[in-house]
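Going by the numbering used here, the sequence shown opens with residue 1, and the numbers climb by one from there. From the three backbone atoms N, C-alpha and C, an ideal C-beta is built for every residue, glycine too. The structure presented is a predicted model; accordingly, all values stated were derived computationally and were not measured. What follows is a set of notes on a single structure, which appears directly below.
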Amino acid sequence: MASSKKSKPKTQAKRIGVALSGGLDSVVLLDAVCKAYPHDAVYALHVHHGLQTQADEWLLFCERLAKRYHVDFDFRLVHLPITANLEAHARQARYEALLGLCDQHQLDHLLFAHHQHDQAETVLLQLLRGAGPAGLAGIPPHKELQTPNGRTVQVWRPLLE
Numbered sequence: 001m002a003s004s005k006k007s008k009p010k011t012q013a014k015r016i017g018v019a020l021s022g023g024l025d026s027v028v029l030l031d032a033v034c035k036a037y038p039h040d041a042v043y044a045l046h047v048h049h050g051l052q053t054q055a056d057e058w059l060l061f062c063e064r065l066a067k068r069y070h071v072d073f074d075f076r077l078v079h080l081p082i083t084a085n086l087e088a089h090a091r092q093a094r095y096e097a098l099l100g101l102c103d104q105h106q107l108d109h110l111l112f113a114h115h116q117h118d119q120a121e122t123v124l125l126q127l128l129r130g131a132g133p134a135g136l137a138g139i140p141p142h143k144e145l146q147t148p149n150g151r152t153v154q155v156w157r158p159l160l161e
């Protein structure tokens with residue numbers, strides 16, 4: 001995890017969800033969080049889109065990894081409409097599922113493993129789409145989101161800093 005004070009939640013009394021896809025970036029983030037916070041404060045959260053043939057294997061991998069780190073694990077299975085804008089639907093469903101899990105487990109923070117390459121890709125795609133200044137700002141390292149029940153969750157992307 002980055003050393004910036006902005007990049008990590010300020011108190012260890014809070015409960016932290018780590019969005020765990022099973023990819024290297026999210027595994028590294030889970031490892032860093034587990035080294036920095038008590039394991040009973042950390043949840044590994046996975047969203048199963050069913051979009052890849054290996055989706056079931058990713059789910060099992062994430063569950064086993066959470067067990068190895070001695071952290072709680074939960075997941076959501078989401079069904080997506082097959083549309084031209086599948087990526088946007090998948091992203092929206094992922095956020096809704098993760099915020100629902102934050103509600104269910106009363107998590108105060110949600111961490112994503114987005115990093116500088118993701119940031120560059122986002123800015124480039126926005127530029128190609130003709131986005132204005134807001135779109136070209138890229139992925140914010142921190143923002144607040146509301147859960148379905150109206151709780152505020154602090155969303156962090158510590159690998160961006």
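- Between the beta-carbon of V33 and that of V42 there is about 6 Å, and that keeps the pair under the 8 Å contact cut.
- Counting the other Cβ atoms within 10 Å of the Cβ of A84 gives fewer than 16, which makes it exposed.
- Straight through space, the alpha carbons of H70 and E63 are spaced by roughly 11 Å.
- With respect to the 9 Å criterion, V153 and D108 are classified as neighbours on the basis of their beta carbons.
- DSSP places V47 inside the beta strand (DSSP E), whose first and last residues are V42 to H48.
- Counting along the chain, the unbroken alpha helix (DSSP H) around E57 starts and ends at A55 to Y69.
- When the beta-carbon positions are compared, H46 and A88 stay at least 9 Å from each other.
- Checking the DSSP bridge columns, you'll see H142 partnered with W156.
- Beta-bridge annotation (DSSP): A97 is not paired with any residue.
- Counting C-beta atoms within 10 angstroms of its own C-beta, L98 has 16 or more neighbours from the protein chains shown and is therefore classed as buried.
- Ranked by Cα distance from H49, the options R15, R94, L60 and E57 are led by R94.
- Contact between R15 and Q104 is ruled out by a C-beta separation of about 11 Å, above the 8 Å threshold.
- Where D25 is concerned, the enclosing alpha helix (DSSP H) starts and stops at L24 to A36.
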